[in-house]
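S.K.:
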Amino acid sequence: MKITSTSCICPVLVCLCFVQRCYGTAHHSSIKVTRNQTKHTEGETEVHHRPKRGWVWNQFFVLEEHMGPDPQYVGKLHSNSDKGDGSVKYILTGEGAGTIFIIDDTTGDIHSTKSLDREQKTHYVLHAQAIDRRTNKPLEPESEFIIKVQDINDNAPKFTDGPYIVTVPEMSDMGTSVLQVTATDADDPTYGNSARVVYSILQGQPYFSVDPKTGVIRTALHNMDREAREHYSVVIQAKDMAGQVGGLSGSTTVNITLTDVNDNPPRFPQRHYQLYVPESAQVGSAVGKIKANDADTGSNADMTYSIINGDGVGMFSISTDKDTREGILSLKKPLNYEKKKSYTLNIEGANTHLDFRFSHLGPFKDATMLKIIVGDVDEPPLFSMPSYVMEVYENAKIGTIVGTVLAQDPDSANSLVRYFINYNSDDERFFNIDANTGTIKTTKVLDREETPWYNITVSASENDNPGLLSYVTVGIRVLDVNDNPPELAKEYDIVVCENSKPGQVIHTISATDKDDFANGPRFNFFLDEHLPMNPNFTLKDNEAAAPSPSGFVRAREMGACGPAMQKRSCPRLV
1 MKITSTSCIC
11 PVLVCLCFVQ
21 RCYGTAHHSS
31 IKVTRNQTKH
41 TEGETEVHHR
51 PKRGWVWNQF
61 FVLEEHMGPD
71 PQYVGKLHSN
81 SDKGDGSVKY
91 ILTGEGAGTI
101 FIIDDTTGDI
111 HSTKSLDREQ
121 KTHYVLHAQA
131 IDRRTNKPLE
141 PESEFIIKVQ
151 DINDNAPKFT
161 DGPYIVTVPE
171 MSDMGTSVLQ
181 VTATDADDPT
191 YGNSARVVYS
201 ILQGQPYFSV
211 DPKTGVIRTA
221 LHNMDREARE
231 HYSVVIQAKD
241 MAGQVGGLSG
251 STTVNITLTD
261 VNDNPPRFPQ
271 RHYQLYVPES
281 AQVGSAVGKI
291 KANDADTGSN
301 ADMTYSIING
311 DGVGMFSIST
321 DKDTREGILS
331 LKKPLNYEKK
341 KSYTLNIEGA
351 NTHLDFRFSH
361 LGPFKDATML
371 KIIVGDVDEP
381 PLFSMPSYVM
391 EVYENAKIGT
401 IVGTVLAQDP
411 DSANSLVRYF
421 INYNSDDERF
431 FNIDANTGTI
441 KTTKVLDREE
451 TPWYNITVSA
461 SENDNPGLLS
471 YVTVGIRVLD
481 VNDNPPELAK
491 EYDIVVCENS
501 KPGQVIHTIS
511 ATDKDDFANG
521 PRFNFFLDEH
531 LPMNPNFTLK
541 DNEAAAPSPS
551 GFVRAREMGA
561 CGPAMQKRSC
571 PRLV
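Residue 188 in the working numbering sits at position 188 of the sequence shown, and the numbers go up by one each step.
#1: Are Asp240 and Ala195 close, meaning C-beta to C-beta below 8 Å?
#2: Find the nearest neighbour of Asp366 within the set Gly204, Phe268, Ile307 and His530, judged by alpha-carbon distance.
#3: Where does Ala238 land, buried or exposed, given buried means 16+ other C-beta within 10 angstroms?
#4: Alpha carbon to alpha carbon, how far is Val377 from Ser299?
#5: Excluding the five sequence neighbours on either side, which residues of its own chain have a C-beta within less than 6 Å of the C-beta of Pro157, listed in chain order?
#6: When the Cα of Asn80 is compared with those of Val481, Val62, Leu139 and Asp104, which residue comes out closest?
#7: Phe582 by DSSP, collapsed to three states: which one?
#8: Beta strand (DSSP E) containing Gln72: first to last residue?
#9: Taking Leu221 as the reference, which of Asp161, Met174 and Gln150 has the closest Cα?
#10: Is the beta carbon of Lys514 closer than 8 Å to that of Glu449?
#11: Mapping DSSP to helix, strand and coil, what is Phe208?
#12: Using the Cα positions of Ser470 and Phe383, report the straight-line distance between them to the nearest angstrom.
#13: Would you mind working out which of Gln205, Gly314, Asp211 and Asn153 sits nearest Tyr191, comparing C-alpha positions?
#14: Is Asn293 near Pro265, with beta carbons less than 8 Å apart?
#15: Using only the alpha-carbon positions, how far apart do Arg229 and Ser172 sit?
#16: Which of the three DSSP states, helix, strand or coil, is assigned to Ala489?
#17: When the Cα atoms are used, what is the spatial distance from Thr443 to Thr400?
#18: For His353 versus Asn262, is the C-beta distance shorter than 8 Å?
#19: Roughly how many angstroms lie between the CA atoms of Leu126 and Asp109, to the nearest whole one?
#20: At what residues does the beta strand (DSSP E) containing Glu144 begin and finish?
#21: Around the C-beta of Arg429, are 16 or more other C-beta atoms found within 10 angstroms, so that it is buried, or is it exposed?
#22: Nearest-angstrom Cα distance between Ile217 and Ala295?
#23: If you draw a straight line from the alpha carbon of Ala130 to that of Lys89, how long is it in whole angstroms?
#24: Do Ser330 and Val374 have their C-beta atoms closer together than 8 Å?
#25: Would you identify the three-state DSSP class for Arg357, choosing helix, strand or coil?
#26: Quick one: measure Cβ to Cβ for Pro486 and Thr451, integer angstroms, because I've assumed they're closer than 8 Å.
#27: Assuming Asp366 is part of the beta strand (DSSP E), what are its boundary residues?
#28: Nearer than 7 Å: is that true of the beta carbon of His127 relative to any heavy atom of the ligand PLP?
#29: Once the 5 residues before and after Val283 are set aside, which same chain residues still bring their CB inside 8 Å of it?
#30: Give the list of continuous beta strand (DSSP E) stretches no shorter than 3 residues that lie fully inside the segment 377-424.
#31: Determine whether the beta carbon atoms of Gln59 and His66 lie at a separation below 8 Å.
#32: For Asn463 and Ser306, I'd like the C-alpha separation in whole angstroms.
#33: Taking the straight line between their C-alpha atoms, what separation do you get for Lys213 and Asp104?
#34: With respect to the beta strand (DSSP E) encompassing Asp109, which residues constitute its N-terminal and C-terminal limits?
#35: Under the assumption that Pro386 contacts Ala407 (Cβ atoms under 8 Å), give the Cβ distance between them as a whole number of angstroms.
#36: Please state the DSSP three-state secondary structure of Ser461.
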């Protein structure tokens, strides 16, 4: 510090304060320094020839958190101009002057009147001046000095981020890093051990450990099994003063969850199962469920089911419900209790996501045997054919037998069967059926030309259980008989030119027949012999014309003999 000397003397103000940096008593001393001399505590005096100073001191210290009844002594200001007669007045200005720090203006003693907290403010900058009390003139130039708040261990370590939630895979190797925790201490890290933190584990052993210096938490056991225990609550302590007795401490909780790996194969709870399936089960429907247990979770417990062998491989299939992890058994073909009463299946459940690190714990699949019992169901009668086609001639007498349907009870009881024709209320009933024999007969004379085909539905029921019905379609074809004469296709008016030559074709006539082809054409054409003959015209069959039979009318030719069925019709010639 540069000091300006005045007149012929250069007074010197000395303030030295030594405070023992611990919890013990603070020792203070002031040293008066004469011109060109530095006073040492050992008593040695050393002379220097250099510019003179009025103020010489070191930094002041004051202990934080002072709780005594009296103000805490900080140090002393002293000028070599002070002869002890009270003529020198000491003035203190700056941060906290007059409020926190007070000075005895006669002796220069400085005291702290309040308890200070280093964590709120580490030091104070003040200014000191010595003046002549009588003249108020400065004896020393104003000088700046610092009062540093000396730390004591009054802050415990704190975990600002806790509590912690963390996961680590099960079966991890011993020493696997889980988490690093960090505690902070608000005390002065540059002074003593007040902020030197050491970590230890209060709860969580022997499963986990913590590095005392870094706070890294690690697994402390081999093969920690999630299925045995999933959650751990670990309490970590941080203690200052390097962990020594009397140090302050803080703690935090680390909640550790073991995450799952695929280290457990699926297992069926039983080696043998039995399932009842009624024979009436529909093809494609689910008939049962089976499930293997897996102690793992999530995708590690996913599995698929398959039928590996058994006499029911062709009758049943199995699929996997991904949500419930169950095997769904479905029917592929119809069951028949009377033909086969039971089936055996060997079913396998296997994990789909394997972790080869744990293959030595496998195999990751399991098998069980399922016996399926087919249940007997009272089934409706079964017709001998899926549909029937029958034939009957038209004009047959009422009561003519058309045909017979046959149905039997497929169950072992072999109950008697009754038959019925299903008619709507407004249907005209041409047929009936014998309820006991299934014989169908006509109830009316049939006309093929009016209705050539009939479709009826026959139902069958068991005497013991009339509510169980089965149905079959019966088609009845009406066969033709020759019961319709031929007719001219139309009435003919034929015009003949007077100069027509003999044998010239004047016109062609045709005929139709309502009967079937076998009983219709060919026709024989002839002139009605009961009418007067006209020698100028003849009628001749056109045997080459087909399929519409016809005849030619010619001049000067005679007609042929008529057929068995005849209908008279006379073309008119002009």
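We put the beta carbon where it would ideally sit given N, CA and C, even for glycine. As the structure is a computational prediction, the values presented were derived from the model and not from experiment.
M.R.: Reading it off the structure:
#1: Counted from its first residue, the sequence shown places residue 240 at position 240. Counted from its first residue, the sequence shown places residue 195 at position 195. For Asp240 and Ala195, yes; Cβs fall inside 8 Å.
#2: Locating residue 366 in the sequence shown gives position 366, where the first residue counts as 1. Ranked by how close their Cα comes to the Cα of Asp366, the residues Gly204, Phe268, Ile307 and His530 have Phe268 in first place.
#3: Translated into the one-based positions of the sequence shown, residue 238 becomes position 238. It is buried - the Cβ of Ala238 has at least 16 other Cβ atoms within 10 Å.
#4: For the purposes of this step, residue 377 is taken as the residue at position 377 of the sequence shown. For the purposes of this step, residue 299 is taken as the residue at position 299 of the sequence shown. Rounded to whole angstroms, the separation of the alpha carbons of Ser299 and Val377 is 42 Å.
#5: Counting from one through the sequence shown, the residue named residue 157 turns up at place 157. Spatial neighbours of Pro157 in its own chain (CB-CB distance under 6 Å, excluding positions within 5 residues in sequence) are listed in chain order as Ala183, Asp185, Val197, Ala238, Asp240 and Gly250.
#6: The sequence position of residue 80 within the sequence shown is 80, counting from 1. For Asn80, the closest of Val481, Val62, Leu139 and Asp104 by C-alpha to C-alpha distance is Leu139.
#7: The shown model of the chain, from 1 to 574, leaves out residue 582, and the question about it has no answer.
#8: Position 72 of the sequence shown holds residue 72. Segment Gln72 to Lys76, the beta strand (DSSP E) holding Gln72.
#9: Against the sequence shown, residue 221 aligns to sequence position 221. Nearest option by C-alpha distance: Met174.
#10: Along the sequence shown, read from residue 1 onward, the residue named residue 449 stands at position 449. Along the sequence shown, read from residue 1 onward, the residue named residue 514 stands at position 514. Cβ atoms of Glu449 and Lys514: closer than 8 Å.
#11: Mapped onto the sequence shown, residue 208 falls at position 208. DSSP, read as helix, strand or coil, puts Phe208 in strand.
#12: Walking along the sequence shown from the start, residue 470 turns up at place 470. Walking along the sequence shown from the start, residue 383 turns up at place 383. Each residue's Cα considered, the two are about 8 Å apart.
#13: Position 191 of the sequence shown, counting from 1, holds the residue named residue 191. Distances from the CA of Tyr191 to each of Gln205, Gly314, Asp211 and Asn153 were compared; the closest alpha carbon is that of Asn153.
#14: Position 293 of the sequence shown, counted from the first residue, corresponds to residue 293. Position 265 of the sequence shown, counted from the first residue, corresponds to residue 265. In this structure, Pro265 does not lie closer than 8 Å to Asn293 by Cβ.
#15: As a first step, residue 229 must be located in the sequence shown, where it is residue number 229. As a first step, residue 172 must be located in the sequence shown, where it is residue number 172. A direct Cα-Cα distance of roughly 14 Å separates Arg229 from Ser172.
#16: Stepping through the sequence shown from its first residue, residue 489 is reached at position 489. Per DSSP, reduced to three states, the secondary structure at Ala489 is coil, with no helix or strand assignment.
#17: Counting from 1 along the sequence shown, the entry for residue 443 is found at position 443. Counting from 1 along the sequence shown, the entry for residue 400 is found at position 400. Each residue's Cα considered, the two are about 8 Å apart.
#18: Locating residue 353 in the sequence shown gives position 353, where the first residue counts as 1. Locating residue 262 in the sequence shown gives position 262, where the first residue counts as 1. In contact: His353 and Asn262 (Cβ atoms closer than 8 Å).
#19: For the purposes of this step, residue 126 is taken as the residue at position 126 of the sequence shown. For the purposes of this step, residue 109 is taken as the residue at position 109 of the sequence shown. Those two C-alpha atoms are separated by around 14 Å.
#20: For the purposes of this step, residue 144 is taken as the residue at position 144 of the sequence shown. Ser143 to Gln150 is the span of the beta strand (DSSP E), which, as asked, contains Glu144.
#21: Numbered from 1 along the sequence shown, position 429 holds the residue referred to as residue 429. Burial call: exposed.
#22: For the purposes of this step, residue 217 is taken as residue 217 along the sequence shown, with counting starting at 1. For the purposes of this step, residue 295 is taken as residue 295 along the sequence shown, with counting starting at 1. In this structure, the alpha-carbon of Ile217 lies about 28 Å from that of Ala295.
#23: Taking the first residue of the sequence shown as 1, we reach residue 130 at position 130. Taking the first residue of the sequence shown as 1, we reach residue 89 at position 89. Here the alpha carbons of Lys89 and Ala130 stand approximately 6 Å from one another.
#24: Working through the sequence shown from its first residue, we reach residue 330 at position 330. Working through the sequence shown from its first residue, we reach residue 374 at position 374. With respect to the 8 Å criterion, Ser330 and Val374 are not classified as neighbours on the basis of their beta carbons.
#25: Residue 357 sits at position 357 when you count from the first residue of the sequence shown. The answer is helix: DSSP assigns Arg357 an H, G or I state.
#26: Locating residue 486 in the sequence shown gives position 486, counting from the first residue. Locating residue 451 in the sequence shown gives position 451, counting from the first residue. The pair is not a contact, with the Cβ atoms about 22 Å apart (cut-off 8 Å).
#27: Locating residue 366 in the sequence shown gives position 366, where the first residue counts as 1. For Asp366, the uninterrupted beta strand (DSSP E) run begins and ends at Lys365 to Gly375, by DSSP.
#28: With respect to the ligand PLP, the structure offers nothing, as it holds no ligand at all.
#29: Position 283 of the sequence shown, counting from 1, holds the residue named residue 283. Contacts found: Leu331, Lys332, Lys333 and Pro334.
#30: Runs found: 387-393, 401-404 and 417-422.
#31: For the purposes of this step, residue 59 is taken as the residue at position 59 of the sequence shown. For the purposes of this step, residue 66 is taken as the residue at position 66 of the sequence shown. Going by C-beta atoms, Gln59 is not nearer than 8 Å to His66.
#32: Stepping through the sequence shown from its first residue, residue 463 is reached at position 463. Stepping through the sequence shown from its first residue, residue 306 is reached at position 306. Taking the straight line joining both Cα atoms gives about 44 Å.
#33: The count along the sequence shown starts at 1 and reaches residue 213 at position 213. The count along the sequence shown starts at 1 and reaches residue 104 at position 104. Their backbone Cα atoms lie some 49 Å apart in a straight line.
#34: Counting from one through the sequence shown, the residue named residue 109 turns up at place 109. Counting along the chain, the beta strand (DSSP E) containing Asp109 begins and ends at Asp109 to Ser112.
#35: As a working mapping, residue 386 is identified with position 386 in the sequence shown. As a working mapping, residue 407 is identified with position 407 in the sequence shown. Cβ atoms of Pro386 and Ala407 stay farther apart than 8 Å, at about 12 Å.
#36: As a position in the sequence shown, residue 461 is number 461, starting the count at 1. Shown here, Ser461 sits in a strand according to DSSP, grouped into three states.
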